[in-house]
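Novice: This is the structure, below, for whatever I ask next.
2 protein chains.
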Amino acid sequence: MAELAPSQLSDLLDRGDEAAIRALFDSLSESDRTHAASRLPTLELGRLLDILGSEAAAGLIEDLPLSQAAAAIEEVEPRAAAEILEALSSDDRADVMAEVYEDDRRAILAAAPVETAREVRALLAYDADTAGGLMRTEYVSLRSGQTVSAAIDQIRRGADAYAGYAIQYLYAVDEQGRLEGVVPLRALLLARGEARLSELMVREPVVFGVEDPLEALAQVFRKQGFLGAPVVDWDGRLVGVVERAAVDDASIDVAESDHMKSLGIASGEELRSMPPMERSRRRLAWLSVNIVLNLFAASVVAAYQDTLQAAIALAVFLPIISDMSGCSGNQAVAVSLRELSLGVVRPSELAHVLSKEAFVGVLNGLALGSMLALLAWAWQGSATLGVVVGLALAVNTLLAVSIGGTTPLVIKRLGWDPALASGPILTTLTDVCGFFLTLQLATSLLL
Amino acid sequence: MAELAPSQLSDLLDRGDEAAIRALFDSLSESDRTHAASRLPTLELGRLLDILGSEAAAGLIEDLPLSQAAAAIEEVEPRAAAEILEALSSDDRADVMAEVYEDDRRAILAAAPVETAREVRALLAYDADTAGGLMRTEYVSLRSGQTVSAAIDQIRRGADAYAGYAIQYLYAVDEQGRLEGVVPLRALLLARGEARLSELMVREPVVFGVEDPLEALAQVFRKQGFLGAPVVDWDGRLVGVVERAAVDDASIDVAESDHMKSLGIASGEELRSMPPMERSRRRLAWLSVNIVLNLFAASVVAAYQDTLQAAIALAVFLPIISDMSGCSGNQAVAVSLRELSLGVVRPSELAHVLSKEAFVGVLNGLALGSMLALLAWAWQGSATLGVVVGLALAVNTLLAVSIGGTTPLVIKRLGWDPALASGPILTTLTDVCGFFLTLQLATSLLL
């Protein structure tokens with residue numbers, strides 16, 4: 001397959017050559033389609049979706065970053081958008097519509113089949129990262145009193161409706177629609193035709209409530225082999241099915257978004273297809289806070305200008321101490337975030353983390369401190385200067401890993417997002433401590 | 001369930017009170033088990049596995065971080081370890097054994113059933129993050145000439161063997177064991193008993209080669225709804241099945257490991273249960289490189305000591321410019337890493353990324369530069385100083401985002417790991433540029 005120039009698609013759209021566009025798209029590989037489409041400005045991407053038709057458009061939307069897909073849908077005429085919506089699976093529908101602006105959403109749902117609109121609205125009522133937000137509403141539910149052959153007939157009749165989904169389980173419910181048990185497809189296959197589902201079904205299966213959070217779901221699936229689990233509302237009525245795949249995908253998104261947040265990209269998502277002003281705003285949101293935080297550290301340096309004046313070589317080492325301490329601290333932050341997510345450490349266990357980090361902090365402090373001391377001595381020819389910067393880095397490394405290791409736990413207990421807030425708090429504290437240590441030691445030892 | 005003190009389990013192990021330990025474990029929730037066990041020193045954890053018995057031990061091992069589970073297995077007497085191994089699913093077996101030291105592995109496999117040992121050795125031959133390394137070897141393969149009822153009988157006979165796994169597909173092979181097609185369980189359910197598999201099977205299904213990389217698998221599953229895909233060797237013979245769940249879990253691990261690497265934790269995994277010396281070593285590996293990198297930046301400052309001497313206030317702002325530029329650059333790095341993994345940008349597209357980042361760089365440069373300029377002016381009472389530091393930060397922000405955005409692409413093209421190498425390269429370059437800009441501007445404008 002030839003490499004496609006992103007502009008090529010754009011040109012065809014300008015010329016409005018619909019046939020050529022469809023032909024080009026058919027000729028492209030999955031990844032080339034995503035790549036080419038993701039490069040289009042929102043308006044052109046909307047036009048593309050329109051031209052491709054609901055099926056192909058839905059396929060493309062599943063591959064595009066969510067925010068981009070939603071923005072493009074807003075550009076599509078509501079009736080056409082509703083058709084694309086119809087071609088998506090119920091959980092993708094809700095995800096995309098959640099990102100679409102209120103007004104467009106209302107228009108699109110108004111143009112969609114009543115049943116679809118009702119389902120989407122129902123799903124939108126739940127937070128995205130809960131069982132309700134992650135579930136899909138296509139599933140096969142039967143009365144537990146039915147026989148196997150009756151069940152098989154019902155599946156056969158509904159075969160087309162389920163065609164898109166790999167059904168693994170049937171769900172047995174009572175007359176109020178309350179879940180009674182789960183029947184694995186294989187059990188159905190191996191059972192006698194006249195057997196009743198109530199004889200085959202797994203009673204008291206794993207069940208999620210609509211508001212169960214992603215973490216809880218992920219933990220269950222990490223442990224259990226099964227591929228999906230039923231979701232019930234407050235009355236125990238079956239309302240949907242959460243698939244392992246949906247939970248895993250959501251977990252991946254959360255991990256990526258946390259990484260972005262940890263670098264100060266507010267909202268945890270940025271794509272270069274977004275308008276520059278918005279990208280700038282998202283990044284500045286935190287950078288401008290950070291510049292103020294930096295002033296705390298800077299004011300420490302300012303307080304010691306006379307010391308610096310007297311021993312100007314110190315100015316050479318302040319950035320090193322700041323950078324190295326920040327790195328050491330961020331490593332400890334990362335380990336704590338990981339252990340929190342693995343469940344091997346809990347927000348209350350500050351003492352445990354402190355004891356563990358302190359040990360590593362002493363080892364690395366000694367190693368890095370003596371390295372810097374020797375470098376400074378050899379370079380600036382002053383043993384005392386070496387002692388000052390080396391000792392400062394050694395102590396500050398210990399402080400940095402201790403602060404870094406515990407900060408995520410504290411932030412979590414405060415109910416904030418540790419991935420978001422740990423970094424800036426850490427570096428500010430380590431800079432303040434690092435500069436103070438260096439300059440105070442210098443004042444007492446060098447002058 | 002009462003909160004369990006991690007020491008409690010330890011005490012019981014010391015007293016060797018096996019009955020109490022089993023009773024305690026039964027009373028614990030999933031997450032409490034993992035939490036308590038993950039706190040034990042390797043030796044005690046090994047004892048615990050021994051006491052729990054193969055089934056419960058296998059269950060615990062699936063929840064523990066891989067490296068910790070492997071270390072504990074090494075402490076278990078080979079015959080008992082082999083029983084635990086037997087209780088794991090084939091893909092977990094290979095993952096754990098891959099982490100176990102050569103000698104222990106040989107001993108354990110020698111004590112394991114021949115068939116199991118053979119399978120594990122076969123799986124270990126593949127890289128962990130390839131189809132071969134991720135596949136499981138339990139699957140149902142049948143001759144395409146067989147009838148549906150014959151197939152159902154075979155499944156019924158093997159029912160116990162497959163009990164642990166949710167079979168979704170049967171695989172039709174020829175007499176050489178070469179894959180001919182895939183039969184969804186549902187198709188089997190809906191078919192006439194005398195129909196032949198060859199009539200139902202999906203021909204030319206999605207198939208992976210044993211050496212296909214994780215990214216390729218993830219891309220297919222992200223797009224396709226199915227729950228597993230067959231894996232064939234070079235001769236097209238069916239050798240295993242990759243499940244969506246295995247691919248998703250591996251993707252999550254890779255994302256976490258990349259985040260760790262980006263912070264300079266070599267090997268991408270650290271847990272506080274590891275020996276302090278090893279944790280120290282893993283972190284120092286990169287910190288000691290970083291301290292040397294810092295010298296490049298420091299030497300720029302050293303070259304301008306006279307300028308600093310003359311305008312000591314500059315020393316207050318150097319760390320700010322260094323930190324802010326590093327942050328701006330790292331944001332661009334994160335966006336590029338994300339876009340690379342999403343496939344919306346390719347390593348060759350430097351110009352595209354540059355053009356996109358330059359725009360944001362100018363906007364943020366102007367915003368941050370003027371902020372710092374005003375702060376410096378107000379604080380130090382010198383407009384010229386404000387101009388110097390503001391201009392330096394503005395220009396360096398532009399450089400930082402341009403370098404940050406493109407570095408991951410370049411590193412990827414060089415065949416290195418962008419997550420690992422981007423950060424240090426970036427901050428070194430931005431510090432060098434930032435310090436040079438500030439001090440050179442100061443030399444020309446202030447002196």
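These protein sequences, in sequence, are chains W and S. Numbered as in the numbering used here, the first sequence ends at 447 without a single skipped number. Numbered as in the numbering used here, the second sequence ends at 447 without a single skipped number. Where a beta carbon is used, it is the ideal one built from N, C-alpha and C, also for glycine.
Is Met1(S) helix, strand or coil by DSSP?
Specialist: Numbered from 1 along the second sequence, position 1 holds the residue referred to as residue 1(S). Note on Met1(S): pLDDT 41, under 50, position unreliable in the model; no value is reported.
Novice: At what residues does the beta strand (DSSP E) containing Ala172(W) begin and finish?
Specialist: Sequence index remark: in the first sequence, residue 172(W) carries index 172 (1-based). Looking at the DSSP string, the run of the beta strand (DSSP E) that includes Ala172(W) is 169-173.
Novice: Between which two residues does the beta strand (DSSP E) harbouring Arg22(S) extend?
Specialist: For the purposes of this step, residue 22(S) is taken as residue 22 along the second sequence, with counting starting at 1. Element bounds for Arg22(S): not the beta strand (DSSP E) but the alpha helix (DSSP H), 18-27.
Novice: Specify, as a first and last residue, the run of the alpha helix (DSSP H) that Pro408(W) falls within.
Specialist: Position 408 of the first sequence holds residue 408(W). Residues 383-413.
Novice: Between Phe25(S), Ala80(S), Val242(S), Arg33(S), which lies nearest to Leu64(S) when the distance is taken from Cα to Cα?
Specialist: Mapped onto the second sequence, residue 64(S) falls at position 64. Nearest C-alpha to Leu64(S): Arg33(S).
Novice: Run through chain W and tell me which residues come within less than 7 Å of Gly264(S), C-beta to C-beta.
Specialist: Position 264 of the second sequence, counted from the start, is the residue given in the question as residue 264(S). Chain W residues near Gly264(S): Cys327, Gln331.
Novice: At which residues does the beta strand (DSSP E) containing Leu238(W) begin and terminate?
Specialist: The residue labelled residue 238(W) in the question sits at position 238 within the first sequence. Element bounds for Leu238(W): 238-243.
Novice: With a floor of 3 residues, list each beta strand (DSSP E) that falls wholly inside the segment 179-261 of chain W, ordered by position along the chain.
Specialist: Entirely contained in the segment 179-261 of chain W, the beta strand (DSSP E) runs reaching 3 residues are, in chain order, 179-184, 228-232, 238-243.
Novice: Taking 6 Å as the limit between beta carbons, can you name the residues of its chain near Ala80(W), skipping five residues before and five after?
Specialist: Residue numbering aside, residue 80(W) sits at position 80 when the first sequence is read from its first letter. The residues are Asp50.
Novice: Which residues of chain S have a Cβ atom closer than 7 Å to the Cβ of Ala334(W), listed in chain order?
Specialist: The sequence position of residue 334(W) within the first sequence is 334, counting from 1. Under the 7 Å cutoff, chain S gives His259, Met260, Leu263, Ile265.
Novice: Would you say Glu256(S) lies against chain W (beta-carbon separation less than 8 Å)?
Specialist: Within the second sequence, numbered from 1, the residue matching residue 256(S) stands at position 256. So yes, Glu256(S) belongs to the interface.
Novice: What's the C-alpha gap between Glu30(S) and Ser370(W)?
Specialist: Start at 1 with the first residue of the second sequence, and residue 30(S) comes out as number 30. Start at 1 with the first residue of the first sequence, and residue 370(W) comes out as number 370. When rounded, the distance between both Cα atoms is 45 Å.
Novice: According to DSSP, is Thr130(S) helix, strand or coil?
Specialist: By 1-based counting over the second sequence, the position of residue 130(S) is 130. Of the three classes helix, strand and coil, the one that applies to Thr130(S) here is strand, per DSSP.
Novice: Take the Cβ of Tyr139(S) as the centre, count every other Cβ of all protein chains shown within 10 Å, and call the residue buried at 16 or more, exposed below.
Specialist: Here residue 139(S) refers to the residue found at position 139 when the second sequence is read from its first residue. By the neighbour-count rule (16 or more Cβ atoms within 10 Å), Tyr139(S) is buried.
Novice: Can you tell me whether Ser325(S) is buried or exposed, with buried defined as 16 or more other CB within 10 angstroms of its CB?
Specialist: If you number the second sequence from 1, residue 325(S) lands on position 325. Ser325(S) should be labelled buried.
Novice: Using a Cβ-Cβ cut-off of 8 Å, state whether Asp235(S) counts as contacting chain W.
Specialist: Translated into positions along the second sequence, residue 235(S) becomes position 235. By this cut-off, Asp235(S) is not an interface position.
Novice: So, does the CB of Ala2(S) fall closer than 8 Å to a CB anywhere in chain W?
Specialist: The residue you call residue 2(S) lines up with position 2 of the second sequence. For Ala2(S), the predicted structure reports a pLDDT of 48, less than 50, and the residue's modelled location is therefore unreliable. A value from the coordinates is still provided. For Ala2(S), the answer is no, since every Cβ of chain W falls outside 8 Å of its Cβ.
Novice: Does the beta carbon of Leu411(W) come closer than 8 Å to any beta carbon on chain S?
Specialist: Your numbering for residue 411(W) matches position 411 in the first sequence. Before going further, note that residue 411(W) is Ile rather than Leu in the sequence given. For Ile411(W), the answer is no, since every Cβ of chain S falls outside 8 Å of its Cβ.
Novice: Using a Cβ-Cβ cutoff of 8 Å, what residues of the segment 361-377 of chain S are near chain W? List them in chain order.
Specialist: Within the segment 361-377 of chain S, the residues whose Cβ lies closer than 8 Å to some Cβ of chain W are Leu363, Asn364, Ala367, Leu368, Met371, Leu372, Leu375, listed in chain order.
Novice: Examine the Cβ distances between the segment 353-372 of chain W and the segment 382-390 of chain W and report whether three or more of them are shorter than 8 Å.
Specialist: Yes, they touch.
Novice: In whole angstroms, what is the alpha-carbon distance linking Ala2(S) and Leu350(W)?
Specialist: Stepping through the second sequence from its first residue, residue 2(S) is reached at position 2. Stepping through the first sequence from its first residue, residue 350(W) is reached at position 350. Unreliable placement is indicated for Ala2(S), whose pLDDT of 48 sits below 50; no coordinate value is reported for it.
Novice: For Arg136(W), which three-state DSSP category applies?
Specialist: Position 136 of the first sequence, counting from 1, holds the residue named residue 136(W). Residue state, collapsed to three classes: strand.
Novice: Using only CA atoms, which one of Phe226(W), Leu188(W), Arg222(W), Thr137(W) lies nearest to Asp233(W)?
Specialist: As a first step, residue 233(W) is located in the first sequence; it is residue number 233 there, counting from the start. For Asp233(W), the nearest C-alpha among the options comes from Thr137(W).
Novice: Let me see if you follow: with CB-CB separation under 8 Å, is Gly343(S) close to chain W or not?
Specialist: Against the second sequence, residue 343(S) aligns to sequence position 343. Yes, because at least one Cβ of chain W sits closer than 8 Å to the Cβ of Gly343(S).
Novice: Do you know offhand how far Lys356(W)'s Cα is from Val335(W)'s?
Specialist: Within the first sequence, the letter at position 356 stands for residue 356(W). Within the first sequence, the letter at position 335 stands for residue 335(W). Roughly 11 Å separates the two Cα atoms.
Novice: When DSSP builds the beta bridges, which residues end up paired with Arg143(W)?
Specialist: What you label residue 143(W) is simply residue 143 of the first sequence in a count that begins at 1. DSSP output for Arg143(W) lists Val173(W) as bridge partner(s).
Novice: According to the Cβ coordinates, are Leu453(S) and Ala311(S) closer than 8 Å?
Specialist: Only positions 1 to 447 of chain S appear in this structure, which leaves residue 453(S) out of reach.
Novice: Given 8 Å as the limit, is there contact between the segment 147-154 of chain S and the segment 110-130 of chain S, that is, 3 or more CB pairs closer than that?
Specialist: Judged by Cβ distances under 8 Å, the segment 147-154 of chain S makes no contact with the segment 110-130 of chain S, as fewer than three pairs qualify.
Novice: Give the list of continuous beta strand (DSSP E) stretches no shorter than 3 residues that lie fully inside the segment 29-53 of chain W.
Specialist: Entirely contained in the segment 29-53 of chain W, not one beta strand (DSSP E) run reaches 3 residues.
Novice: How would you label Arg279(S), buried or exposed, when you count the other beta carbons within 10 angstroms and need 16 or more for buried?
Specialist: Against the second sequence, residue 279(S) aligns to sequence position 279. Buried, because 16 or more other Cβ atoms sit within 10 Å of the Cβ of Arg279(S).
Novice: Just to check my reading of the structure: Met201(S) and Val182(S) have Cβ atoms closer than 8 Å, yes? What is that Cβ distance to the nearest angstrom?
Specialist: Within the second sequence, the letter at position 201 stands for residue 201(S). Within the second sequence, the letter at position 182 stands for residue 182(S). The Cβ separation is near 6 Å, so the contact holds.
Novice: When you compare only the Cα positions, how much space is there between Tyr101(W) and Ala150(W)?
Specialist: Counting from one through the first sequence, the residue named residue 101(W) turns up at place 101. Counting from one through the first sequence, the residue named residue 150(W) turns up at place 150. Using only the alpha carbons, I get a separation of about 45 Å.
Novice: Taking DSSP as the reference, what is the three-state secondary structure of Arg346(S)?
Specialist: Locating residue 346(S) in the second sequence gives position 346, where the first residue counts as 1. The answer is coil: DSSP assigns Arg346(S) none of H, G, I, E or B.
Novice: Just checking: is the beta-carbon of Val301(W) within a distance shorter than 8 Å of some beta-carbon in chain S?
Specialist: Position 301 of the first sequence holds residue 301(W). Val301(W) counts as touching chain S.
Novice: Whole-angstrom Cβ separation of Leu391(W) and Gly361(W), contact assumed at under 8 Å?
Specialist: For the purposes of this step, residue 391(W) is identified with residue 391 of the first sequence, where counting begins at 1. For the purposes of this step, residue 361(W) is identified with residue 361 of the first sequence, where counting begins at 1. Not a contact, Cβ separation roughly 14 Å.
Novice: Alpha carbon to alpha carbon, what distance is there between Leu308(W) and Ala313(S)?
Specialist: For the purposes of this step, residue 313(S) is taken as the residue at position 313 of the second sequence. For the purposes of this step, residue 308(W) is taken as the residue at position 308 of the first sequence. Roughly 10 Å between the two C-alpha positions.
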